[in-house]
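Below you'll find the structure, written out as structure tokens, and then a few comments.
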Amino acid sequence: MQAPRDLALVGLPGVGKSSLGKRLAAKLGVPFLDTDRAVIAETGVKNDSVALIFEREGEAGFRLRERQLIASLVAPEPPAGSIGAELGIGRVVALGGGAAADPRSRWALRERAILFWLDAPDTSIARRLRTARVVRPLMNHADPVATLERLRGDRERFYRPGIHLRSTRSPGSLTDEAIELLSTSVRTTRPLVNAETVSGRWLVGDGIAVDALRALLAERGLSRMVLATEPNAARAFANGLSDALTATGITVIPLELPSGEAAKELHEIGAAAQRLANAGVERRDLIVAVGGGALTDAAGLLAALYLRGVDWIAVPTTLAAQVDASLGGKTGVDLPEGKNLVGAFHQPQAVIADLSALRTLPVRELVAASAEAVKIALLGEVRLFTVLEEAAPRIVAGDPTLHDDGTLAEIVERAGWWKCRVVAADERESGERMSLNLGHTLGHALEQAAGYQNLLHGEAVGYGLRAALQIGVELGVTPAALAARGVALLDALGLGVAPRSEPVAALLAAAGRDKKVAEAKIRWVLASDDGYVIRNDVPASLVERTAAAMLAGVK
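To convert a position in the sequence shown, counted from 1, into the working numbering, add 1077.
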């Protein structure tokens, strides 16, 4: 018999979660808990005010208390004979409006609660707030509708995984509708994040790939798909995914590409296209790319070219691909002259970051991938910087608690959303998206000089980040304190530490062919107080000296 779960209500401030929660609890015959009230009771604040806690401890202090409370929740056994007992619900919980935005809180709730997203038009919520007696600290503004619109933009991706319930009916009808939805909903593994982005639907969760793919195929009226993968990903994840989908009646057309950068060659794309043609793959069919960054790069380009473009979905199975490579629609292959010199912008219909795929990831790949997250931290994701600093010893040890306590989930969420936001502002890399190349100029050059052998992409980026920080400091662009913090984090992760044998001249030649070169000048992305700057006036002598120091490793 399964343990009872909480029914947790999420939604914007003032939407009516507490009111509905009390009615639902009464109907189900189970207790009700309001997390805001519980935090207030814990602190002993008078006047029943979250606003006073914000005033005393700041929002961060309140969120910490809220996170600790949610982590401690265990649904009680529902009374025998109650509707709650029949449906496996032990309690109804109304979460504060911002609770769902906390990655650790959502991680704690993922198996212990069924989420309902209570929604209403912003204008309706604003009317409720004007007559409410409770002071909501984030809503204390002259224009509540504008504030609600901003909060919706910030939080909706965290609400969307819940069962959607619109507050447009009478209280009694809404209560009945919620119980009906609860009793008829199929138990599926729901994501932690569900966002509509330029890169299609972005889903992050633990064990979500099968249910997410089934839903996406059903939306399109499809019962078959191409599964593109490579041998390592096939053994670790894709074969099991294929078997699970086949068991549900979906026809899976297998397409195997070589492992690693070997997949990113033009002749491999041509050969794969021939196999698709021989299998009768049509334009309305879907290519699902399951693997690391090299696989999604290659399969995405195949999707862009076959039949002049077919839709595709990325299911990244490495940390590097989940936080970076699978997002943004860049597809491509390499040439002897440089990395990613042939490609296309071809956005996937969805990116499914299934965190369960990371459980079998080798420690070396986990550490290397952290370089891409460090890049995002250096660009200004403040909380991610702290998460990585705290997690670094466990990352280098391959500690399984990284997954168990939601740390990896938070890293993927924060780094991935940063990239989604940047891509939305600059899909074709004419401005802000170039910032995501921080550390990649000499990183890519090192990969090429190494012949793409015995060096992971993230390891190369680790070296490149050290070089970019040094150049930035010497040019007066990167604050010394930021560079020192970045270098300390790279040291803790063991990135860019070991000496390399590649010739400096080979790196400089490769850097001169970088895709960011304009008018024969390299455009360098450098970290700054405001995030980043792009400079094309870095002296050649500084680049050469920095490259030599980078290759010498950390003494």
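Backbone N, C-alpha and C fix where the C-beta goes; we use that ideal spot for every residue, glycine too. Quick caveat, the model's predicted, so the values are computed rather than measured.
When DSSP builds the beta bridges, which residues end up paired with residue i?
i	result
HIS1344	DSSP output for HIS1344 lists no bridge partner at all.
ASP1111	ALA1171
MET1627	BP columns for MET1627 are empty, so no partner.
LEU1195	LEU1242
LYS1598	ALA1595
ARG1082	ILE1166
LYS1407	PHE1422
TYR1236	Paired residues: none, contrary to the question.
ILE1611	VAL1602
ASP1431	GLY1282
ALA1190	ASP1083
LEU1412	GLY1415
In chain order, what residues of the same chain lie with their CB nearer than 7 Å to the CB of residue i, ignoring the 5 residues before and after it?
i	result
ALA1203	PRO1221, VAL1222 and LEU1225
TYR1236	VAL1087, GLY1088, ALA1177 and TRP1194
LEU1343	VAL1410 and VAL1419
ARG1183	ALA1177, PHE1235 and LEU1269
ILE1628	Looking at the sequence shown, residue 1628 is not Ile but Leu. Hits under 7 Å: PRO1576, ARG1577, GLU1579 and VAL1581.
Buried or exposed: residue i, going by 16 or more other Cβ atoms within 10 Å of its Cβ?
i	result
LYS1632	exposed
ASP1481	exposed
GLY1158	exposed
GLY1528	exposed
GLN1351	exposed
GLN1525	buried
ASN1355	exposed
GLN1530	exposed
ASN1613	exposed
ALA1103	exposed
SER1403	buried
ALA1446	buried
LEU1322	buried
ASP1320	exposed
GLU1359	exposed
ARG1312	exposed
GLN1424	buried
ALA1588	buried
ARG1181	buried
LEU1432	buried
GLU1119	exposed
THR1252	buried
Given a cut-off of 9 Å on the beta-carbon distance, is the pair residue i and residue j in contact?
i	j	result
GLU1307	GLY1370	no
ARG1243	ASP1199	no
GLU1136	GLY1174	no
ILE1548	TRP1601	yes
ILE1285	THR1266	yes
LEU1192	THR1112	no
ARG1234	ALA1272	yes
VAL1400	ASP1411	no
ALA1380	THR1408	yes
ALA1421	LEU1378	yes
SER1276	VAL1428	yes
VAL1459	ILE1488	no
ALA1340	ASP1388	no
ALA1185	ILE1147	yes
VAL1633	GLY1386	No information on residue 1633 is available, as it lies outside the stretch 1078 to 1632 that the chain covers here.
LEU1332	VAL1287	no
LEU1619	LEU1523	no
GLY1493	ALA1430	yes
VAL1554	SER1605	yes
LEU1334	LEU1372	yes
VAL1122	ILE1166	no
Looking only at its chain, what residues have a beta carbon closer than 8 Å to the beta carbon of residue i, apart from the 5 residues adjacent to it on each side?
i	result
LEU1542	ALA1448, VAL1451, LYS1452, LEU1455, LEU1515, GLY1516, GLY1520, GLY1563, LEU1567, LEU1572 and GLY1573
VAL1473	VAL1440, VAL1444, ALA1569, LEU1570 and GLY1571
ALA1190	ARG1082, ASP1083, LEU1084, ALA1085, LEU1150, ALA1152 and VAL1170
ASP1231	ALA1178
THR1478	ARG1471 and THR1484
Would you say the beta carbon of residue i comes nearer than 8 Å to a heavy atom of the ligand GTP?
i	result
GLU1487	With respect to the ligand GTP, the structure offers nothing, as it holds no ligand at all.
Which same chain residues end up closer than 6 Å to residue i when comparing Cβ atoms and leaving out the 5 residues on each side of it in sequence?
i	result
PHE1109	GLY1098, LYS1099, ALA1102 and VAL1169
SER1336	GLU1307, PRO1308 and ASN1309
PHE1283	It is worth fixing the name first, because residue 1283 is Asp in this sequence and not Phe. Taken in chain order, the residues that qualify are LEU1432 and SER1433.
LYS1598	ASN1613
ARG1144	ASP1179, ARG1181 and SER1182
ARG1142	VAL1116
ALA1617	none
ALA1544	LEU1519, THR1623 and MET1627
Exercise. Run through the stretch 1356-1400 for me and flag every whole alpha helix (DSSP H) of 4 or more residues, listed as ranges in chain order.
Key: 1370-1382
Self-check item: Contiguous beta strand (DSSP E) assignments of at least 3 residues, all confined to the stretch 1265-1343
Solution: 1270-1274, 1277-1282, 1301-1306 and 1328-1333
Quiz item: Of all the alpha helix (DSSP H) runs that stay within the bounds of the stretch 1516-1571, which reach a length of 4 or more residues?
Solution: 1517-1526, 1534-1551 and 1557-1570
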